[in-house]
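Enquirer:
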Amino acid sequence: MSYFLNLYTVTAFLVFSYLLFIKQGGKLFPILYLFLFTYFLQYVYSVYLIYNEYPILKAQMKIPQEQYFDYAIPALFFLFAGVFIFNKNVSLTGLLSRIDKESANKLGWLLIGLSYAFDVGAFLGIPALGSFLSFTVYLKYVGAMALFFSPSVLNTYLILSTFIALANSALRGGIFIDFFVWSTYFFLIASLKFKLSFSVRILFAVLAIPTLIIIQSIKKEYRDATWSGKENAGLETLGELAEEEQLRVEKKNDLANSVGVVRTVGRLNQGWHLGRVLRWVPKYRAFSGGEEFWGDIEGTLLPRAFFPNKKVIGGQAKFLEFTGYKLIGGTSMTIGVLGDFFINFGREGSFLGLFIFGALVSRLLYSFVKKYVIDDPINFVWIPFLFSYLIRANNDFYIVINSFVKGYLIFLAVNYLRKRM
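Be aware that the sequence shown starts at 515, since it is given in the numbering used here, and climbs by one per residue.
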(Lines of atoms letter the chains of each structure in order from A and count residues from 1; the text may use other names and numbers.)
(Lines give C-alpha, C1' and ligand atoms only; values in the text may rest on other atoms or scores of the structure.)
Protein backbone atom coordinates (compact mmCIF):
# COMPACT_ATOMS: atom_id res chain seq x y z
CA MET A 1 0.00 0.00 0.00
CA SER A 2 2.81 2.44 0.85
CA TYR A 3 4.23 1.85 -2.66
CA PHE A 4 1.51 4.12 -4.05
CA LEU A 5 2.21 6.90 -1.55
CA ASN A 6 4.45 9.85 -2.27
CA LEU A 7 4.67 13.42 -1.03
CA TYR A 8 2.58 14.75 -3.93
CA THR A 9 -0.31 12.31 -3.50
CA VAL A 10 -0.61 12.68 0.28
CA THR A 11 -0.32 16.47 0.04
CA ALA A 12 -2.90 16.60 -2.75
CA PHE A 13 -5.42 14.58 -0.74
CA LEU A 14 -4.74 16.65 2.38
CA VAL A 15 -5.43 19.87 0.45
CA PHE A 16 -8.52 18.31 -1.16
CA SER A 17 -9.93 17.22 2.23
CA TYR A 18 -9.27 20.66 3.68
CA LEU A 19 -10.91 22.48 0.76
CA LEU A 20 -13.89 20.10 1.02
CA PHE A 21 -14.17 20.90 4.72
CA ILE A 22 -14.01 24.66 4.07
CA LYS A 23 -16.48 24.44 1.16
CA GLN A 24 -19.06 22.52 3.19
CA GLY A 25 -18.61 25.04 6.01
CA GLY A 26 -20.53 27.55 3.89
CA LYS A 27 -23.84 25.70 4.17
CA LEU A 28 -23.67 23.31 7.15
CA PHE A 29 -21.66 22.62 10.27
CA PRO A 30 -19.01 20.42 8.59
CA ILE A 31 -18.10 18.19 11.54
CA LEU A 32 -17.82 15.02 9.38
CA TYR A 33 -15.54 16.77 6.88
CA LEU A 34 -13.38 18.03 9.75
CA PHE A 35 -13.34 14.42 10.98
CA LEU A 36 -11.96 13.29 7.59
CA PHE A 37 -9.38 16.06 7.43
CA THR A 38 -7.97 15.59 10.94
CA TYR A 39 -7.74 11.79 10.67
CA PHE A 40 -5.95 11.93 7.33
CA LEU A 41 -3.66 14.67 8.64
CA GLN A 42 -2.74 12.79 11.80
CA TYR A 43 -2.79 9.15 10.67
CA VAL A 44 -1.41 9.48 7.14
CA TYR A 45 0.14 12.83 6.24
CA SER A 46 2.19 13.45 9.38
CA VAL A 47 3.23 9.77 9.53
CA TYR A 48 4.35 9.84 5.90
CA LEU A 49 6.47 12.93 6.61
CA ILE A 50 8.10 11.22 9.58
CA TYR A 51 8.98 8.10 7.59
CA ASN A 52 10.27 9.98 4.54
CA GLU A 53 11.09 13.61 5.31
CA TYR A 54 11.95 13.86 9.01
CA PRO A 55 14.25 11.00 10.05
CA ILE A 56 14.87 12.84 13.33
CA LEU A 57 11.33 11.81 14.34
CA LYS A 58 11.46 8.26 13.00
CA ALA A 59 11.93 6.80 16.49
CA GLN A 60 8.22 7.50 17.04
CA MET A 61 7.33 4.73 14.59
CA LYS A 62 8.23 1.21 15.72
CA ILE A 63 7.26 -0.68 12.56
CA PRO A 64 8.18 -0.34 8.85
CA GLN A 65 5.98 2.05 6.90
CA GLU A 66 4.79 -0.78 4.63
CA GLN A 67 3.32 -2.58 7.64
CA TYR A 68 1.80 0.60 9.03
CA PHE A 69 0.17 1.90 5.85
CA ASP A 70 -1.01 -1.55 4.77
CA TYR A 71 -3.38 -1.35 7.72
CA ALA A 72 -3.93 2.40 8.23
CA ILE A 73 -4.96 3.27 4.64
CA PRO A 74 -7.66 0.60 4.19
CA ALA A 75 -8.84 1.14 7.78
CA LEU A 76 -9.43 4.83 7.08
CA PHE A 77 -11.00 3.99 3.72
CA PHE A 78 -13.62 1.72 5.33
CA LEU A 79 -14.24 4.17 8.18
CA PHE A 80 -15.00 7.09 5.87
CA ALA A 81 -16.78 4.94 3.33
CA GLY A 82 -19.28 4.23 6.11
CA VAL A 83 -19.42 7.93 7.01
CA PHE A 84 -20.07 9.32 3.54
CA ILE A 85 -22.13 6.50 2.00
CA PHE A 86 -24.70 6.99 4.75
CA ASN A 87 -24.25 10.74 5.10
CA LYS A 88 -27.12 13.04 4.22
CA ASN A 89 -26.29 16.73 4.41
CA VAL A 90 -28.94 19.17 5.59
CA SER A 91 -28.24 22.79 4.60
CA LEU A 92 -28.41 25.18 7.54
CA THR A 93 -28.30 28.44 5.61
CA GLY A 94 -32.08 28.68 5.34
CA LEU A 95 -32.71 27.32 8.81
CA LEU A 96 -30.53 29.88 10.59
CA SER A 97 -32.70 32.72 9.36
CA ARG A 98 -35.55 31.21 11.40
CA ILE A 99 -33.67 31.29 14.71
CA ASP A 100 -35.70 33.16 17.31
CA LYS A 101 -33.45 35.70 19.06
CA GLU A 102 -35.24 35.37 22.38
CA SER A 103 -34.94 31.59 22.27
CA ALA A 104 -31.22 31.86 21.46
CA ASN A 105 -30.77 34.34 24.31
CA LYS A 106 -32.45 32.10 26.86
CA LEU A 107 -30.53 29.01 25.73
CA GLY A 108 -27.21 30.86 25.88
CA TRP A 109 -27.73 32.17 29.39
CA LEU A 110 -29.08 28.81 30.58
CA LEU A 111 -26.05 26.90 29.27
CA ILE A 112 -23.50 29.34 30.66
CA GLY A 113 -25.26 29.35 34.03
CA LEU A 114 -25.41 25.55 34.17
CA SER A 115 -21.75 25.23 33.18
CA TYR A 116 -20.58 27.50 35.97
CA ALA A 117 -22.97 25.83 38.42
CA PHE A 118 -21.33 22.47 37.65
CA ASP A 119 -17.89 24.06 38.04
CA VAL A 120 -18.84 25.34 41.49
CA GLY A 121 -20.41 22.01 42.45
CA ALA A 122 -17.25 20.13 41.48
CA PHE A 123 -15.14 22.65 43.41
CA LEU A 124 -17.27 22.00 46.49
CA GLY A 125 -16.64 18.29 46.07
CA ILE A 126 -20.11 17.05 45.15
CA PRO A 127 -19.23 13.50 43.97
CA ALA A 128 -22.18 12.96 41.62
CA LEU A 129 -20.98 15.80 39.38
CA GLY A 130 -17.49 14.48 38.79
CA SER A 131 -18.21 12.22 35.82
CA PHE A 132 -20.11 14.98 34.01
CA LEU A 133 -17.68 17.84 34.65
CA SER A 134 -15.49 17.00 31.63
CA PHE A 135 -18.59 17.60 29.47
CA THR A 136 -20.40 20.42 31.28
CA VAL A 137 -17.30 22.62 31.22
CA TYR A 138 -17.89 23.00 27.47
CA LEU A 139 -21.50 24.13 27.87
CA LYS A 140 -20.35 27.72 28.36
CA TYR A 141 -18.86 27.74 24.85
CA VAL A 142 -22.04 26.28 23.37
CA GLY A 143 -23.93 28.97 25.27
CA ALA A 144 -21.68 31.67 23.83
CA MET A 145 -22.41 30.38 20.33
CA ALA A 146 -26.14 30.52 21.04
CA LEU A 147 -25.82 34.13 22.26
CA PHE A 148 -24.12 34.92 18.95
CA PHE A 149 -27.60 34.69 17.39
CA SER A 150 -29.10 37.13 19.89
CA PRO A 151 -26.87 40.20 19.58
CA SER A 152 -26.80 42.78 22.34
CA VAL A 153 -24.12 44.72 24.20
CA LEU A 154 -24.41 42.44 27.23
CA ASN A 155 -24.33 39.25 25.16
CA THR A 156 -21.33 40.47 23.18
CA TYR A 157 -19.51 41.15 26.44
CA LEU A 158 -20.41 37.69 27.73
CA ILE A 159 -19.22 35.99 24.52
CA LEU A 160 -15.91 37.86 24.61
CA SER A 161 -15.36 37.22 28.32
CA THR A 162 -16.08 33.50 27.83
CA PHE A 163 -13.47 33.09 25.10
CA ILE A 164 -11.00 35.39 26.85
CA ALA A 165 -11.31 33.13 29.91
CA LEU A 166 -10.66 30.12 27.64
CA ALA A 167 -7.56 31.81 26.19
CA ASN A 168 -6.38 32.73 29.68
CA SER A 169 -6.82 29.13 30.81
CA ALA A 170 -4.73 27.98 27.85
CA LEU A 171 -1.98 30.47 28.68
CA ARG A 172 -1.93 29.59 32.38
CA GLY A 173 -1.81 25.85 31.75
CA GLY A 174 0.24 25.83 28.57
CA ILE A 175 -2.35 23.51 26.98
CA PHE A 176 -3.89 25.09 23.89
CA ILE A 177 -5.97 22.31 22.30
CA ASP A 178 -9.35 23.39 23.71
CA PHE A 179 -8.74 27.01 22.68
CA PHE A 180 -7.89 25.98 19.10
CA VAL A 181 -10.80 23.55 18.82
CA TRP A 182 -13.52 25.85 20.17
CA SER A 183 -12.15 28.85 18.29
CA THR A 184 -12.46 26.77 15.10
CA TYR A 185 -16.02 25.85 15.98
CA PHE A 186 -16.89 29.49 16.63
CA PHE A 187 -15.36 30.48 13.29
CA LEU A 188 -17.56 27.88 11.56
CA ILE A 189 -20.60 29.33 13.34
CA ALA A 190 -19.62 32.84 12.23
CA SER A 191 -19.13 31.60 8.65
CA LEU A 192 -22.72 30.38 8.58
CA LYS A 193 -24.22 33.41 10.31
CA PHE A 194 -22.47 36.00 8.15
CA LYS A 195 -22.33 33.82 5.02
CA LEU A 196 -18.59 34.35 4.66
CA SER A 197 -17.24 33.75 1.18
CA PHE A 198 -15.15 30.70 0.27
CA SER A 199 -12.01 32.87 -0.08
CA VAL A 200 -12.48 34.36 3.39
CA ARG A 201 -12.88 30.90 4.88
CA ILE A 202 -9.71 29.78 3.07
CA LEU A 203 -7.91 32.71 4.67
CA PHE A 204 -8.59 31.03 8.00
CA ALA A 205 -5.94 28.43 7.14
CA VAL A 206 -3.44 31.11 6.17
CA LEU A 207 -3.71 32.48 9.69
CA ALA A 208 -4.22 29.22 11.57
CA ILE A 209 -1.27 27.21 10.24
CA PRO A 210 1.52 29.68 11.14
CA THR A 211 -0.09 30.23 14.55
CA LEU A 212 -0.12 26.48 15.19
CA ILE A 213 3.53 26.14 14.14
CA ILE A 214 4.62 29.05 16.35
CA ILE A 215 2.79 27.64 19.38
CA GLN A 216 4.30 24.19 18.83
CA SER A 217 7.78 25.65 18.42
CA ILE A 218 7.77 27.37 21.80
CA LYS A 219 5.24 25.33 23.80
CA LYS A 220 7.87 23.31 25.67
CA GLU A 221 9.91 26.39 26.57
CA TYR A 222 6.75 28.26 27.55
CA ARG A 223 5.66 25.47 29.88
CA ASP A 224 9.14 25.15 31.38
CA ALA A 225 9.27 28.90 32.04
CA THR A 226 5.77 29.32 33.45
CA TRP A 227 5.39 26.04 35.33
CA SER A 228 8.69 26.61 37.13
CA GLY A 229 7.54 30.08 38.18
CA LYS A 230 10.49 31.84 36.54
CA GLU A 231 8.20 33.67 34.11
CA ASN A 232 4.62 34.88 34.32
CA ALA A 233 2.12 32.96 32.20
CA GLY A 234 0.64 35.23 29.58
CA LEU A 235 0.87 36.80 26.16
CA GLU A 236 4.02 38.74 27.03
CA THR A 237 6.05 35.61 27.77
CA LEU A 238 4.52 33.83 24.79
CA GLY A 239 5.38 36.77 22.52
CA GLU A 240 8.96 36.97 23.74
CA LEU A 241 9.55 33.26 23.11
CA ALA A 242 7.90 33.50 19.68
CA GLU A 243 10.14 36.43 18.76
CA GLU A 244 13.23 34.48 19.82
CA GLU A 245 12.15 31.48 17.74
CA GLN A 246 11.49 33.70 14.72
CA LEU A 247 15.03 35.09 14.94
CA ARG A 248 16.44 31.54 15.03
CA VAL A 249 14.44 30.58 11.95
CA GLU A 250 15.58 33.65 10.05
CA LYS A 251 19.20 32.96 11.02
CA LYS A 252 19.08 29.35 9.77
CA ASN A 253 16.91 30.25 6.73
CA ASP A 254 15.41 26.73 6.76
CA LEU A 255 11.74 26.85 7.73
CA ALA A 256 11.00 23.21 6.78
CA ASN A 257 13.52 21.95 9.34
CA SER A 258 12.90 24.58 11.98
CA VAL A 259 12.07 23.57 15.53
CA GLY A 260 8.48 24.71 15.07
CA VAL A 261 7.79 22.66 11.95
CA VAL A 262 9.54 19.55 13.30
CA ARG A 263 7.67 19.73 16.59
CA THR A 264 4.38 20.33 14.78
CA VAL A 265 4.87 17.25 12.59
CA GLY A 266 5.79 15.19 15.63
CA ARG A 267 2.82 16.48 17.64
CA LEU A 268 0.36 15.84 14.81
CA ASN A 269 1.47 12.23 14.50
CA GLN A 270 -1.21 9.98 15.99
CA GLY A 271 0.08 6.95 14.10
CA TRP A 272 2.74 6.27 16.71
CA HIS A 273 0.33 4.50 19.09
CA LEU A 274 -1.32 2.62 16.20
CA GLY A 275 2.14 1.49 15.09
CA ARG A 276 2.86 0.15 18.59
CA VAL A 277 -0.47 -1.72 18.57
CA LEU A 278 0.32 -3.32 15.18
CA ARG A 279 3.76 -4.34 16.47
CA TRP A 280 2.40 -5.87 19.69
CA VAL A 281 -0.91 -7.48 18.63
CA PRO A 282 -1.28 -10.38 17.93
CA LYS A 283 2.44 -11.26 18.23
CA TYR A 284 2.66 -10.71 21.99
CA ARG A 285 -0.97 -10.25 22.96
CA ALA A 286 -3.87 -12.07 21.28
CA PHE A 287 -6.88 -10.23 19.85
CA SER A 288 -9.51 -9.60 22.51
CA GLY A 289 -12.30 -11.06 20.36
CA GLY A 290 -14.62 -8.14 21.11
CA GLU A 291 -14.17 -8.30 24.89
CA GLU A 292 -12.74 -4.77 25.09
CA PHE A 293 -15.41 -3.48 22.71
CA TRP A 294 -18.29 -4.80 24.79
CA GLY A 295 -16.59 -3.51 27.91
CA ASP A 296 -16.66 -0.06 26.32
CA ILE A 297 -20.38 -0.38 25.56
CA GLU A 298 -21.09 -1.57 29.10
CA GLY A 299 -19.02 1.24 30.61
CA THR A 300 -20.95 3.79 28.55
CA LEU A 301 -24.40 2.55 29.54
CA LEU A 302 -23.87 1.78 33.23
CA PRO A 303 -24.02 4.73 35.68
CA ARG A 304 -20.88 4.92 37.85
CA ALA A 305 -22.98 5.87 40.89
CA PHE A 306 -24.34 2.30 40.91
CA PHE A 307 -21.36 0.56 39.28
CA PRO A 308 -18.24 2.16 40.82
CA ASN A 309 -15.96 -0.55 39.38
CA LYS A 310 -17.00 -0.09 35.78
CA LYS A 311 -14.38 0.61 33.12
CA VAL A 312 -12.58 3.96 33.36
CA ILE A 313 -11.61 6.20 30.47
CA GLY A 314 -7.92 6.35 29.60
CA GLY A 315 -5.52 4.96 32.15
CA GLN A 316 -2.26 3.13 31.65
CA ALA A 317 -3.27 -0.53 31.96
CA LYS A 318 -4.93 -0.90 28.55
CA PHE A 319 -2.16 1.01 26.79
CA LEU A 320 0.50 -1.24 28.32
CA GLU A 321 -1.49 -4.40 27.58
CA PHE A 322 -1.95 -3.70 23.87
CA THR A 323 1.25 -1.82 23.04
CA GLY A 324 3.77 -3.22 25.47
CA TYR A 325 4.81 0.35 26.27
CA LYS A 326 4.80 1.59 29.86
CA LEU A 327 3.78 5.21 30.23
CA ILE A 328 5.82 7.37 32.57
CA GLY A 329 4.38 8.93 35.73
CA GLY A 330 0.70 9.78 35.67
CA THR A 331 0.50 10.05 31.87
CA SER A 332 -2.71 8.65 30.40
CA MET A 333 -3.04 7.73 26.71
CA THR A 334 -5.35 5.75 24.45
CA ILE A 335 -4.77 3.58 21.38
CA GLY A 336 -7.29 5.45 19.22
CA VAL A 337 -10.34 4.27 17.29
CA LEU A 338 -8.28 2.45 14.64
CA GLY A 339 -6.27 0.65 17.29
CA ASP A 340 -9.41 -0.24 19.24
CA PHE A 341 -11.12 -1.97 16.34
CA PHE A 342 -7.90 -3.78 15.42
CA ILE A 343 -7.33 -5.30 18.88
CA ASN A 344 -10.95 -6.37 19.08
CA PHE A 345 -11.62 -7.82 15.63
CA GLY A 346 -8.30 -8.25 13.81
CA ARG A 347 -7.43 -6.80 10.42
CA GLU A 348 -10.40 -7.78 8.23
CA GLY A 349 -12.87 -7.69 11.11
CA SER A 350 -11.80 -4.17 12.01
CA PHE A 351 -12.48 -2.97 8.46
CA LEU A 352 -16.09 -4.12 8.75
CA GLY A 353 -16.35 -2.70 12.26
CA LEU A 354 -14.97 0.69 11.20
CA PHE A 355 -17.38 0.82 8.25
CA ILE A 356 -20.32 0.20 10.60
CA PHE A 357 -18.96 2.73 13.10
CA GLY A 358 -18.63 5.36 10.37
CA ALA A 359 -22.18 4.69 9.20
CA LEU A 360 -23.43 4.95 12.80
CA VAL A 361 -21.72 8.32 13.31
CA SER A 362 -23.23 9.63 10.09
CA ARG A 363 -26.76 8.50 10.92
CA LEU A 364 -26.56 9.83 14.49
CA LEU A 365 -25.67 13.27 13.17
CA TYR A 366 -28.43 13.22 10.55
CA SER A 367 -31.00 11.94 13.05
CA PHE A 368 -30.13 14.70 15.51
CA VAL A 369 -30.42 17.39 12.83
CA LYS A 370 -33.68 15.98 11.51
CA LYS A 371 -35.32 15.58 14.93
CA TYR A 372 -34.06 18.61 16.83
CA VAL A 373 -32.56 21.20 14.45
CA ILE A 374 -35.05 21.48 11.59
CA ASP A 375 -37.91 22.43 13.92
CA ASP A 376 -35.71 24.41 16.37
CA PRO A 377 -32.66 25.67 14.44
CA ILE A 378 -30.79 27.08 17.45
CA ASN A 379 -30.14 23.48 18.48
CA PHE A 380 -27.49 23.24 15.77
CA VAL A 381 -25.02 24.79 18.26
CA TRP A 382 -25.13 21.42 20.06
CA ILE A 383 -23.44 19.62 17.15
CA PRO A 384 -19.86 20.47 18.17
CA PHE A 385 -20.69 19.59 21.78
CA LEU A 386 -21.99 16.13 20.85
CA PHE A 387 -19.28 15.27 18.32
CA SER A 388 -16.27 17.20 19.62
CA TYR A 389 -14.39 14.13 20.85
CA LEU A 390 -14.93 12.40 17.49
CA ILE A 391 -12.60 14.73 15.58
CA ARG A 392 -9.71 14.33 18.03
CA ALA A 393 -7.71 11.55 16.46
CA ASN A 394 -6.08 10.47 19.73
CA ASN A 395 -9.40 9.42 21.30
CA ASP A 396 -10.47 5.78 21.40
CA PHE A 397 -13.89 4.21 20.82
CA TYR A 398 -14.84 4.38 24.52
CA ILE A 399 -14.20 8.13 24.73
CA VAL A 400 -16.08 8.88 21.51
CA ILE A 401 -19.19 6.82 22.28
CA ASN A 402 -19.22 7.80 25.96
CA SER A 403 -19.00 11.50 25.12
CA PHE A 404 -21.88 11.24 22.68
CA VAL A 405 -24.15 9.35 25.10
CA LYS A 406 -23.45 11.66 28.04
CA GLY A 407 -23.62 14.71 25.80
CA TYR A 408 -26.99 13.59 24.46
CA LEU A 409 -28.33 13.05 28.00
CA ILE A 410 -27.20 16.55 28.93
CA PHE A 411 -28.89 17.91 25.79
CA LEU A 412 -32.16 16.15 26.67
CA ALA A 413 -32.06 17.54 30.20
CA VAL A 414 -31.38 21.09 28.99
CA ASN A 415 -34.03 20.80 26.29
CA TYR A 416 -36.54 19.69 28.94
CA LEU A 417 -35.65 22.73 31.07
CA ARG A 418 -36.01 25.05 28.07
CA LYS A 419 -39.51 23.81 27.33
CA ARG A 420 -40.59 24.06 30.96
CA MET A 421 -39.17 27.58 31.27
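Built from N, CA and C at the ideal position, the CB exists for glycine as well. Only a predicted model underlies this, so the values are computations on that prediction, with no experimental measurement involved.
Going by CA-CA distance only, name the one from 537, 648, 551 that's closest to residue 920.
Expert: Out of 537, 648, 551, 648 has the C-alpha closest to the C-alpha of residue 920.
Enquirer: For residue 854, report the span of its alpha helix (DSSP H) as first-last.
Expert: Residues 850-882.
Enquirer: For a quick check, are the C-beta atoms of residue 783 and residue 579 less than 7 Å apart?
Expert: No. Outside cutoff.
Enquirer: Please report the distance separating the alpha-carbon of residue 796 from that of residue 910.
Expert: Those two C-alpha atoms are separated by around 19 Å.
Enquirer: Determine contact between the region 743-757 and the region 679-689, defined as no fewer than three beta-carbon pairs at a distance below 8 Å.
Expert: Short answer: they touch.
Enquirer: I'd like the span of the alpha helix (DSSP H) that includes residue 591, first residue to last.
Expert: 579-599 is the span of the alpha helix (DSSP H), which, as asked, contains residue 591.
Enquirer: What do you reckon, are the CB atoms on residue 585 and residue 792 nearer than 7 Å?
Expert: Contact flag set, yes.
Enquirer: Let me check understanding here. Comparing Cα to Cα, which of 543, 547, 541 lies closest to residue 530?
Expert: The residue with the shortest Cα to Cα distance from residue 530 is 547.
Enquirer: Once DSSP output is grouped into helix, strand and coil, what is the label at residue 678?
Expert: Three-state result, residue 678: helix.
Enquirer: Among 788, 811, 760, 887, which has the Cα closest to the Cα of residue 561?
Expert: Comparing Cα-Cα distances from residue 561 to each of 788, 811, 760, 887, the minimum goes to 788.
Enquirer: Quick check on residue 741: buried or exposed, where buried means 16 or more other Cβ atoms within 10 Å of its Cβ?
Expert: Burial call: exposed.
Enquirer: Looking only at its chain, what residues have a beta carbon closer than 6 Å to the beta carbon of residue 680, apart from the 5 residues adjacent to it on each side?
Expert: Hits under 6 Å: 693.
Enquirer: My understanding is that residue 571 touches residue 779, with C-beta atoms under 8 Å, so please give their C-beta distance in whole angstroms.
Expert: Contact holds; Cβ gap of about 6 Å.
Enquirer: Taking residue 926 as the reference, which of 790, 599, 899 has the closest Cα?
Expert: When only C-alpha atoms are compared, the closest one is 899.
Enquirer: Kindly indicate which three-state DSSP category residue 564 falls into: helix, strand or coil?
Expert: In this structure, residue 564 counts as helix in the three-state DSSP scheme.
Enquirer: Hey, out of 544, 733, 723, 621, whose CA is closest to residue 705's CA?
Expert: When only C-alpha atoms are compared, the closest one is 544.
Enquirer: Would you mind stating whether residue 710 and residue 891 have Cβ atoms separated by less than 7 Å?
Expert: No, the pair does not count as a contact, with Cβ atoms beyond the cut-off.
Enquirer: Taking 7 Å as the threshold (C-beta atoms), are residue 654 and residue 676 in contact?
Expert: Result yes, Cβ atoms of residue 676 and residue 654 sit closer than 7 Å.
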